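Take 28 as the starting number for the sequence shown in our numbering and just add one per residue. A virtual CB, placed ideally from N, CA and C, is assigned to each residue, including glycine. Being a predicted model, the structure only gives us computed values, none of them experimental. Below: one structure, written as structure tokens.
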Amino acid sequence: MSFIRTVLFDIPPSELGVCYAHEHVIIDPGIPTWTNPDFLLDSVETAIEELRAFHGAGGRAVIDSMPCDAGRNAIKLAQVARGTGVHIVAATGLHLPKYYHPGHWGNEYPAHKLLRLFVEDIEEGIDTHDYSGPILERTPYRAGVIKIATGETITAREERALTAAAQAHVATGCPILTHTEQGRLALQQIGHLRREGVDLKHVCLSHTDRNPDVGYHRDILATGVRVEYDSGFRWKQADGNPTLDLCVELIPEFPDQIMLGMDAARRTYWTSYGGSPGLTFLLTQFTEQLKDAGIPDDLLHRVFVTNPAATFAFAEPAAP
Ligand SMILES: [Zn+2]
């Protein structure tokens, strides 16, 4: 039986509901927030307030996209999930090197050691100290997605992380969420994961809408991979809304492969911190814009409900 692993418990995919495919519910202090204090989303109370508004607009689930030791906090994610009734999927995996200090284990470990850490997050529970200290104390809160990232080029470090993520997927069935830098290197990510035996139906590439070339998107989607667009509120007015344009063009053509998120990893985006547009944006303004552009309700249901349920369900793991 397939399932989705939320931070609190496993659920049948049919229970996921309206889902944002790339969010940041909690970001604790660390290198990302020292680099940019606007990334600091460390308050459980504020996250509860923001997710209550999301729930009020019809939202039921979010994929939290913060992997190991870059501000992840499984205990806080569990508190927010309990406090709101919103399903939160927590991530294992590794982010870009700029979010870690130079000597960090993520820069040094071979793929087989990364694999072990990822699989233990998925099967046993995320460390209380988020793999930042020598003594592990695993929480009962498990990871339900593997997040990996590539930057301007795919470095040896990123190849190790891609390999470890792929092998963790094959071993456990856990889905994969990738960061692309401005949409770059999507086909290279896909090629690497496919060579390692990953089922692309359980892979979601993030931020590909930052490169709004329709032909590029058709090449990506032709592989069977899923994508997540999250810049619908970011474009400057003078640029129009290329994310909306991509949705209107491609959702009818690839109805089973496109999802939406906000990747709203800044205080200045959350209403509860006094920012805008708030996590309700996709379910209010953006949904209205999609409807006005002719996207019917049944396709919106696939984007927000059916596709996340299928993508973030665990695949059958390989026989041991
Ligand atoms: Zn993100």
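### Message
Beta-carbon within less than 7 Å of THR314's beta-carbon, same chain only, minus the 5 sequence neighbours each way: which residues are those?
### Response
LEU327
### Message
Closer than 7 Å between the C-beta and any heavy atom of ligand 1: which residues qualify, listed along the chain?
### Response
HIS49, HIS51, SER92, HIS206, SER233, ASP290, ALA292
### Query
When DSSP labels each residue in this structure, what does CYS201 get in the three-state scheme?
Residue state, collapsed to three classes: coil.
### Check whether CYS274 and TYR256 have beta carbons under 9 Å apart
yes
### Task
Reducing DSSP to helix, strand and coil, say where CYS231 ends up.
strand
### Task
Evaluate PRO239 with the Cβ neighbour count: other Cβ atoms within 10 Å of its Cβ, from every protein chain shown; 16 or more gives buried, anything less gives exposed.
It is buried - the Cβ of PRO239 has at least 16 other Cβ atoms within 10 Å.
### Query
Which value, in whole angstroms, describes the spacing of the CA atoms of GLY133 and ALA213?
22 Å
### Task
Starting from the Cα of GLU276, find the closest Cα among GLY218, TYR296, GLY242 and give me that residue.
Check the Cα spacing between GLU276 and each of GLY218, TYR296, GLY242: the tightest is with GLY242.
### Task
Give the secondary structure of CYS274 by DSSP, where H, G and I count as helix, E and B as strand, and everything else as coil.
Secondary structure at CYS274: helix, using DSSP grouped into helix, strand and coil.
### Query
Applying the criterion that 16 or more other CB atoms from any shown protein chain within 10 Å of the CB defines a buried residue, is ILE217 buried or exposed?
buried
### Query
What residues match up with ASP148 in a beta bridge as DSSP calls it?
BP columns for ASP148 are empty, so no partner.
### Message
I want to know whether the segment 138-158 touches the segment 180-200 - three or more CB-CB distances under 8 Å.
### Response
yes
### Task
Starting from the Cα of ASN334, find the closest Cα among GLN316, ARG221, MET286 and give me that residue.
MET286
### Query
Quick one: Cα of GLY288 to Cα of GLU135, how far?
32 Å
### Rounded straight-line distance, which links the Cα of ILE149 to that of PRO344
13 Å
### Task
Could you tell me whether the Cβ atoms of LEU121 and PRO94 are closer together than 9 Å?
yes
### Task
With a 10 Å radius around its C-beta and 16 neighbouring C-beta atoms as the bar for buried, classify ASP290 as buried or exposed.
buried
### Query
What is the C-beta distance between PRO56 and ASP65, in whole angstroms, given that I count them as a contact (C-beta under 8 Å)?
In fact, because the Cβ distance is near 13 Å, the residues do not count as touching under 8 Å.
### Query
Taking all protein chains shown into account, do 16 or more other C-beta atoms lie within 10 angstroms of the C-beta of GLU280, making it buried, or fewer, making it exposed?
exposed
### Message
Tell me which residues share the same chain as PRO202 and place their Cβ nearer than 8 Å to its Cβ, disregarding the 5 neighbours each side in the sequence.
### Response
GLY171, VAL172, ILE173, HIS196, HIS229, VAL230, CYS231, THR338, PHE339, ALA340, PHE341, ALA342
### From VAL332, GLY200, ALA183, residue whose alpha carbon lies closest to that of ALA346
Of VAL332, GLY200, ALA183, the residue nearest in Cα terms is GLY200.
#### Entry: Bounding residues of the alpha helix (DSSP H) (the contiguous stretch that carries TYR243)
TYR243 -> alpha helix (DSSP H) spans 241-248.
### Message
Using the Cβ count rule (16 or more neighbours within 10 Å means buried), how would you classify PRO39?
### Response
exposed
### Query
How far does the alpha helix (DSSP H) with LYS103 in it reach, from first residue to last?
101-111
### Query
In whole angstroms, what separates the C-alpha of ALA198 from that of ALA176?
20 Å
### Query
When DSSP labels each residue in this structure, what does GLU343 get in the three-state scheme?
DSSP, read as helix, strand or coil, puts GLU343 in coil.
### Query
Do LYS318 and ASP324 have their CB atoms nearer than 9 Å?
yes
### Query
Tell me which same chain residues have a C-beta within less than 6 Å of the C-beta of ASP37, skipping the five on either side of it?
PHE30
### Query
Can you name the start and end residues of the alpha helix (DSSP H) that ARG79 belongs to?
71-83
### Message
Does ALA320 come out as helix, strand or coil in the three-state DSSP assignment?
### Response
coil
### Task
Could you tell me the boundaries of the beta strand (DSSP E) in which HIS219 lies?
Careful: HIS219 lies outside any beta strand (DSSP E), inside the alpha helix (DSSP H) at 213-222.
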